[in-house]
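Structure first, commentary second.
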Amino acid sequence: MSERSIEPGRPSPEAFLRAAAQEGRGRLKIFLGAAPGVGKTWEMLTEGRQRGDTGVDVVVGVVESHGRRETEALIEGHEVIDRRQVAHAGHSLGEMDLDAILARAPQLALVDELAHTNAPGSRHPKRYQDVEELLTAGIDVYSTLNIQHVESLNDVVASFTRIRVRETVPDSILEQAEIEVVDIPPDELIERLKEGKVYIPHEATRALGHFFSKTNLTALRELALRRAAQAVDAQMLEHVRANALAGSFAVGERILVAASEHPHAAGLVRAGKRMADALKAPWTAVHIETQRDRHFTDAERRQLADTLALASRLGASTASIPATGVVEGLRSFAHDARATQIVIGKSSRSWWFEARHGSVVDRLVRSVGDVAVHVLPAEATVLVDAAVRSLPSGHWGPPRNYLWSALMVAAMTLLGRLLVEAIDLGNIALLYLVPVMFAAATFGLRAGLFAGLMASLAYNFFFLPPTGTLTVSNPENVISILVLLGVAVVTSQFAARVRAQAELAGSSARQNAALASFSRQLTASATKDELMQAICAEVARLLDVQAVLLLPSEAGPDLRAAYPPEDRLEQIEIAAAQWAIDNEQPAGRGSSTLTASDWLFHPLQASSASGRGVLAVLGIAREDTRDPIRSDQLPLLMSLLDQASVAFDRMALEEENLKAQAVGERDRLRAALLSSVSHDLRTPLTTILSAAQELRKHPSPELVETIDSEAKRLNRFVANLLDMARVEAGALPMRAEATDLFDAVAGAVHDTRVSLLAHMVEVDIVPDIPLVRLDPVLFHHCLINLLDNAGRYADPGTPIVIRCRRGADALLLSVIDQGPGIPPGQEKRVFETFTRLEGSDRVRHGTGLGLAIVKGFAEAMGLAVEASNNDEPHGACFTIRIPEALIIANIDSKNVL
Amino acid sequence: MTIRHKVLIVDDEPHIRRLIQAALNRADYLTIEAESARQAMDRLQHERPEVVLLDLGLPDRDGLELVPLVKQHADTTLIVISARDATEEKVAALDLGADDYLTKPFDTDELLARVRVALRNRMTRGGGVPAVTVGDLSINLLERKIVKAGKEVHLTPKEYAVLAQLAKFPGRVITHEQIMANVWPRDAERHVEYLRVLVRNLRQKLETDPQRPQVISNDVGIGYRLRIPEDTLG
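Protein chains in written order, with this note's numbering: chain A, 1 to 897; chain B, 898 to 1131.
See below:
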């Protein structure tokens, strides 16, 4: 192990931040063992029980007893959270119920087997991630781990045991944990194994036989002890850093691999891995984000992502750090990560670039002090197609720029020749400033320098004595040449800065324009569905992604809008969306949770004042399943999310208002219903009751008649109430079939003959009227109610006409009466529930439901109804429009012969 | 009447039973009662009524299940009683073998008319009636001759088939399904629209005023019946 000193001085801000992040978090204690069977679980349970005895609220999250009696006896004293059953491939697997523990909120949870891989479909793929969530929720966790599951040691263990363990736990987990090594001497462990006290899955018995050799166990034990010591070191260092203690502390090796977009970076990563293996050191692959990243091509971006993914697969932790330059970034990260070795590739930049800027490697070596820097040659030199790379400003630029510069210098030379008699040489030099400044300002530094050089050469050749030669005879001339070049440099620098600012302003203007258009689109949406669709479409357009929007609901996130259209998401994506809702944090690809999801979900949060919490979740993804969002798009995404949240909040508020109005309307209807029911039911009932009483004393045919008619009125009212209930429930059973309007009208006239005794009913249907597709029963009720209505309002003795005609695009069936008609302006209102028009009230024995039923039934069949007044003779006219689509044309006549 | 016909009233509501019983007794029928499906089957086997009035809403069994059982176990005429909106229930009962239906609420005149129609159809069961007269229309099924206001009417074969089916049991409803199964025996050609057009053509030929049909009446959503004077009480 090497030693390095920490610079004495102020506490590092990162250390403070880390310490602050720890506050309110639960503490993790890991019982680390060299091999299965050393008694980690037993130790954990014992210590858990001791904590429980001192009054700490302890639960068992998950513990595998493997049928061992002593373990079971220890579990018995604890509250055990039931496992969640997960169906997978026909088996039911019992997984730790994370939500149940979170809901139970104990002070301390005992969670066995930290390296366990959860069943597919669980929230997190790994149990250590579950533990992370418990810690975040402020719950202390005790857990167990075998040394071969530690990620950075995985290869080491595999190298001498020849058994590769797939379930690994990142070192970062161990770094935040208190570690207790559960240790028994190898001989004793082998003894326990022989006695059958060590649980080994049946199928692994043979493989593990080799594993439990004395050499292996000794090596493993050493590793475990060393890892624990290392963790203690790291924690001590953290303490020192937080408290700014000066001094030198021993820590383990840590290797840093500088990952870049170059294809050979994969080779660096592999080399880093070999080095890490050799030193048994943890390692990190880091990418330093600089201005250059903005000009990456897609291929380069992909290459970088692949490199980091490879590192992650090989057991490295990975990071991407923004910095002003590669050297600065690497230095500060190496410092923070306490790296002892840096692996970097040999620069592929041209010699002149390095000559001008100094080689990255040189500067790095100089600036990192006691960190060892390994410079490796490029393994693979697959060159990125230079043409694809967009040209960063400050490069050579097109040749045309130089041609223009040369031409301008030539023009000035010509002008100078013409004026040389009139003005002195010094002023002619001033003329040359014009092309130099112009070239530098317009074409950049290089073209400016080029122009300056050309100008000084031309000045020297054509004007400075001796003319016609390139010689400098006096210091004045030297000065004029230097001035020309200096002007080129200064002007181009200024111009470049102005251009950069203009570019920045341009890009922020573009962003503002995007936001403004987004905001406009959202404001234009009238309904929530439109709004959701607009959000998806705009986000998809502005960020060039696929977008979905989900609303939280009892049954989980509900996919409500998508662009391009998408009607379902995978289970894992739903889980990510749910997590984003529950935790009010992003989840999915490119976040830190549920990264297996191809989608990235961001919650839309309501303003805190409204107390509505997460209003919706926006999911974004790319067709090619790349990371959904580039880091340079993040600010725009955040602004979009903000605006979408505001729009959502506004919509929710409007909805609440509307709902309040709807409730008001419903209350009004309910009051009308109650008054109608109490009147329309009680009046005939009262009449019937008193008539029956009277009948007992004096038998009289008139009283019987009264009872009969009132009972019929009651019957009609109850029937109407039932029909109306069906309309309002929106549950009309539709059985549309070919219907003959002659039949329908005849049936209705027949059924209303009693109530229409005072009127003559004229049926006027054109003989060749076609059949129509309707529900005969519903249509029958429509007609009965229209006829009933006419019978009630028409003047006695006047005829009621049923007329059926072919209209332009519909059949029109009208019921026409002669009477007071409909008060002007009330033509639409007559179809409202419980509308009884003024002056007509109770005397007409109406229920106020009939016309509403007509409308409800008609609309259910796809028909329209309207009311109007006739003039000659005056009266009401109710018309049912049967649209063309419902007409049955062309019936083959041979089938009916 | 020399023979008093026996009617079984199946209804779980005692008031309804009492009222129906009073009406039937007044018209000189013998009545027996049952308040459940079990009791009804029992009475049916022991008392052998000629007519059964069966309410479909029974407490111990779905009335529809009872329809085929009644028809299997006894040689009786079955009239089902059902609520106003239960169109499908009525059609199902008729297609299962019920002879006619009554809609609740009904009045006693209607009830007696239905019972009379049922009994008459029962007596002429087998070949049905040989001849029917409705107003100025006479239908002779033996001679296949239709005369309207003294003039013979010529019908197409399908028109005649429909009219004959209705006329065999005058006053009784025949469901659309029953008519179509008879006139268009092959499923593929069976369409309600053909039936509608056919009935419209029939009415053109048989009715005095086709806009206000008096001969063939339509039971909305259920079927057609040949209206005979007795059943046009109103």
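Where a beta carbon is used, it is the ideal one built from N, C-alpha and C, also for glycine.
Every value quoted in this text rests on a predicted model; they were computed, and no experiment measured them.
Taking 8 Å as the limit between beta carbons, can you name the residues of its chain near residue i, skipping five residues before and five after?
i: L531(A); result: L522, S525, A647, F648 and M651
i: Q643(A); result: L515, F518, S519 and L522
i: F461(A); result: T467, G468, T469 and L470
i: V156(A); result: L223, D277 and K280
i: A641(A); result: The amino acid at residue 641(A) is misidentified as Ala; the sequence shows Leu. Result list for L641(A): H602, L604 and L618, in chain order.
Rounding to the nearest angstrom, what Cα-Cα distance links residue i and residue j in this structure?
i: D743(A); j: R914(B); result: 35 Å
i: F878(A); j: A748(A); result: 15 Å
i: R24(A); j: T527(A); result: It is worth fixing the name first, because residue 24(A) is Gly in this sequence and not Arg. The alpha-carbon atoms of G24(A) and T527(A) are separated by roughly 42 Å.
i: V360(A); j: A309(A); result: 24 Å
i: D53(A); j: A73(A); result: 16 Å
i: R301(A); j: A440(A); result: 33 Å
i: P1002(B); j: A980(B); result: 7 Å
i: A577(A); j: G121(A); result: 14 Å
i: S591(A); j: T218(A); result: 40 Å
i: Q107(A); j: A100(A); result: 14 Å
i: L897(A); j: R805(A); result: 27 Å
i: G856(A); j: D740(A); result: 21 Å
i: V80(A); j: P185(A); result: 32 Å
i: R1013(B); j: M724(A); result: 36 Å
i: P820(A); j: G850(A); result: 18 Å
i: E570(A); j: G619(A); result: 12 Å
i: T686(A); j: P701(A); result: 18 Å
i: L714(A); j: N1115(B); result: 26 Å
i: V1031(B); j: R1087(B); result: 29 Å
i: D751(A); j: I784(A); result: 7 Å
i: A736(A); j: P776(A); result: 7 Å
Just the chain A side, please: which residues come within less than 7 Å of residue i by C-beta, in chain order?
i: L905(B); result: The contacting residues do not exist; L905(B) stays about 27 Å from chain A at best.
i: P1110(B); result: A746
i: R1097(B); result: D740 and F742
i: P894(B); result: Nothing about residue 894(B) can be reported from this structure: the residues present for chain B run from 898 to 1131 only.
Taking residue i as the query, report the chain B residues whose CB atoms sit under 9 Å from its CB, ordered along the chain.
i: A738(A); result: H1088, V1089, E1090, Y1091, L1092, R1093 and V1094
i: I891(A); result: H1088, E1090, Y1091, R1093 and V1094
i: L674(A); result: Correct list: empty, because the minimum Cβ distance to chain B is about 24 Å.
Residue i versus chain A: which residues are under 9 Å apart at the beta carbon?
i: T1072(B); result: None at all; the shortest Cβ gap to chain A is about 13 Å.
i: T984(B); result: R735, P776 and V777
Interface residues of chain B around residue i at Cβ under 8 Å?
i: F518(A); result: None at all; the shortest Cβ gap to chain B is about 53 Å.
i: I688(A); result: Those within 8 Å of I688(A) in chain B number zero; the least Cβ separation is about 14 Å.
Going along chain B in order, which residues have a C-beta closer than 7 Å to the C-beta of residue i?
i: H780(A); result: V1117
i: V896(A); result: K1055, Y1091, V1094, L1095 and N1098
By Cβ distance, which residues of its chain are closer than 7 Å to residue i, with the 5 residues on each side in sequence left out?
i: S933(B); result: D909, L955, P956 and D957
i: E884(A); result: D809 and A810
i: D116(A); result: A small fix is needed here, since residue 116(A) is His in this sequence, not Asp. Counting only Cβ-Cβ distances below 7 Å, and skipping sequence neighbours, we find R127 and E167.
i: G1118(B); result: T984
i: W396(A); result: R446
Spatial neighbours of residue i within its chain, please: CB distance less than 6 Å, with the 5 preceding and 5 following residues excluded, ordered by chain position.
i: G588(A); result: A576, L594, S597, W599, L600 and F601
i: G394(A); result: Reliability fails at G394(A), whose pLDDT of 47 lies under 50, so the model's placement of it is uncertain and no value is given.
i: I481(A); result: S456
i: V388(A); result: In this prediction, V388(A) scores a pLDDT of 32, lower than 50, which makes its location untrustworthy; the coordinate-derived value is nonetheless stated afterwards. Excluding sequence neighbours, V388(A) sits near T297.
i: I1036(B); result: V1029, I1043 and A1064
i: L431(A); result: M412 and G416
Below 8 Å on the Cβ atoms is my contact criterion, and I expect residue i with residue j to pass it. Report the Cβ-Cβ distance as a whole number of Å.
i: T284(A); j: A316(A); result: 6 Å
i: P565(A); j: V617(A); result: Going by Cβ atoms, the distance from P565(A) to V617(A) rounds to 18 Å, so no, they are not a contact pair.
i: A35(A); j: L220(A); result: 6 Å
Check whether the Cβ of residue i sits closer than 7 Å to any heavy atom of the ligand ZN, and report yes or no.
i: H264(A); result: With respect to small molecules bound, the structure shown includes none, and the ligand ZN cannot be examined in it.
Under 7 Å, CB to CB, which of the residues in the segment 795-817 of chain A have a partner in chain B?
Cβ contacts with chain B: none found.
Chain B contacts made by the segment 87-107 of chain A, where a contact means CB separation under 7 Å
Those residues of the segment 87-107 of chain A placed with their C-beta closer than 7 Å to a C-beta in chain B do not exist.
Listed in chain order, which residues of the segment 1043-1061 of chain B have Cβ atoms closer than 9 Å to some Cβ of chain A?
Cβ contacts with chain A: T1053, P1054, K1055 and E1056.
Select from the segment 873-889 of chain A all residues with a C-beta closer than 7 Å to any C-beta belonging to chain B, and list them in chain order.
Contact residues of the segment 873-889 of chain A toward chain B are I888 (C-beta to C-beta distance below 7 Å).
Could you list the residues in the segment 859-872 of chain A with a C-beta less than 8 Å from some C-beta on chain B, going in chain order?
So the list is empty, because no residue satisfies the distance condition.
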